[in-house]
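J.:
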Amino acid sequence: MTTSPPELPHATLSEMNGIRYLHLGTPWVQGAMRIAKPLKLELDYIRRMMVWMLLRPQSDSADPLAWQETHTVQLGLGAAAITRFCHQVLGTRTTVIEINPEVIAAAHAWFHLPREAKQLNVFWGDAAAYVAEPAHAHSADVLCVDLYDHEAASPVLDSEDFYRHCHALLRPGGVMTVNLFGRDASFERSWERMASAFQAEHMFSVQATKEGNTVVGALKQLKWPEPDTLAARAKNIETQFKLPAPSWLKMIRR
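In our numbering, the protein residues as written are 973 to 1226.
#1: Beta-carbon within less than 8 Å of Leu1202's beta-carbon, same chain only, minus the 5 sequence neighbours each way: which residues are those?
#2: Near Tyr993, what residues of its chain come up, given a Cβ to Cβ distance below 6 Å and the 5 sequence neighbours on each side ignored?
#3: What's the call for Glu1164, buried or exposed, on a 16-neighbour Cβ count within 10 Å?
#4: Just to confirm my understanding: we take Arg1065, look at its own chain, exclude 5 residues before and 5 after, and list those with CB closer than 6 Å. What are they?
#5: Which class does Ile1007 belong to by DSSP, given the choice of helix, strand or coil?
#6: With C-beta atoms as the reference, is Gln1040 less than 8 Å away from Gly1063?
#7: So, helix, strand or coil for His1122, using DSSP?
#8: Using only the alpha-carbon positions, how far apart do Ala1008 and Pro1073 sit?
#9: Which of helix, strand or coil does DSSP assign to Trp1000?
#10: What separation, rounded to the nearest whole angstrom, lies between the Cα atoms of Asn1093 and Val1068?
#11: Can you tell me whether DSSP reads Ile1071 as helix, strand or coil?
#12: In chain order, what residues of the same chain lie with their CB nearer than 6 Å to the CB of Pro1127, ignoring the 5 residues before and after it?
#13: Take Val1117 as the anchor and find which of Phe1134, His1110 and Ala1109 has the nearest alpha-carbon.
#14: By Cβ distance below 8 Å, which residues in the same chain neighbour Ser1111 in space, the five residues on each side in sequence not counted?
#15: By Cβ distance, which residues of its chain are closer than 6 Å to Met1223, with the 5 residues on each side in sequence left out?
#16: Cα-Cα, which of Glu1210, Trp1024 and Leu1013 is closest to Leu1194?
#17: So the candidates are Leu1013, Val1075 and Ala1034; which of them puts its Cα closest to the Cα of Ala983?
#18: In whole angstroms, what separates the C-alpha of Val1061 from that of Glu1173?
#19: Report, in whole angstroms, the separation of the C-beta atoms of Val1147 and Val1114, which I expect to be a contact under 8 Å.
#20: What are the complete alpha helix (DSSP H) segments, minimum 4 residues, inside the segment 1003–1059?
#21: In whole angstroms, what separates the C-alpha of Asp1035 from that of Gly1184?
#22: Terminal residues of the continuous beta strand (DSSP E) containing Thr1211?
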């Protein structure tokens, strides 16, 4: 889909207390995996990125195949935590766009990302170009955006045009979650840019982690569920997938 610019940083690894971390040549953590439990979502903000599950009707079901027809798209691979969970635990059709070939190689070699698997496509390419491609419009039910470079200062893609293309990528009833983190990032600025595409009444945020990651969500032509529905879904998610979904309900701000 694209060629790799020469300035892309090298992927590096570290390990501590049974956890393997991905870096891009700096101490900033780009992803993590518990070596003994590779399908477990280790990082708090990654777990909160899965808040979209509360807003999808599949969470009403105890059927293990309920998510099979859902198409999840991830912009930014990291240590492939969301990818592994969506593909191997939920069983969704999963598409990932990652611009750095070393990150893809590291995920295959060190983070249990399958090289070939049904329902899984990992593309080496530019996320901005992918979402802007007219052929990809209305192709995703869920979009997870986690795009940071080695400096981790602000999102690599954070323009109004980018979020409009994200909106176009989603099918009606779709949900987007975005990780916002960075020493120089402005939450208000990013929120306003997303709101230009999704409208503020269709957006929400999740309380920041102690590390400073704030997950922002946006809905496309999807009604916010009633409190009883959210509570039942949260319990179902916790029971089936061991995610702390009931605690998310206390963290959501609309």
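Don't be surprised by glycine CBs; every beta carbon is placed ideally from N, CA and C.
T.: According to the data block:
#1: Non-local C-beta neighbours of Leu1202 in its own chain, meaning closer than 8 Å and more than five positions away in sequence, comprise Leu1026 and Leu1221, ordered along the chain.
#2: Ser986, Val1001 and Ala1004
#3: exposed
#4: His1043 and Gln1091
#5: coil
#6: yes
#7: Caution is warranted here: a pLDDT of 46 is assigned to His1122, below 50, making its placement in the model unreliable, and no coordinate value can be reported.
#8: Each residue's Cα considered, the two are about 26 Å apart.
#9: coil
#10: Distance between the alpha carbons of Asn1093 and Val1068 is about 6 Å.
#11: coil
#12: Leu1119
#13: It is Phe1134.
#14: His1043, Val1045, Leu1141 and Arg1143
#15: Excluding the 5 residues flanking it on each side, Met1223 has same chain C-beta neighbours closer than 6 Å at Val1178 and Gln1179, in chain order.
#16: Trp1024
#17: That would be Val1075, whose Cα lies nearest to the Cα of Ala983.
#18: 31 Å
#19: 6 Å
#20: Here the runs fully enclosed are 1016–1021 and 1053–1056.
#21: 35 Å
#22: For Thr1211, no beta strand (DSSP E) segment is defined; the enclosing uninterrupted segment is the alpha helix (DSSP H) at Pro1199 to Phe1213.
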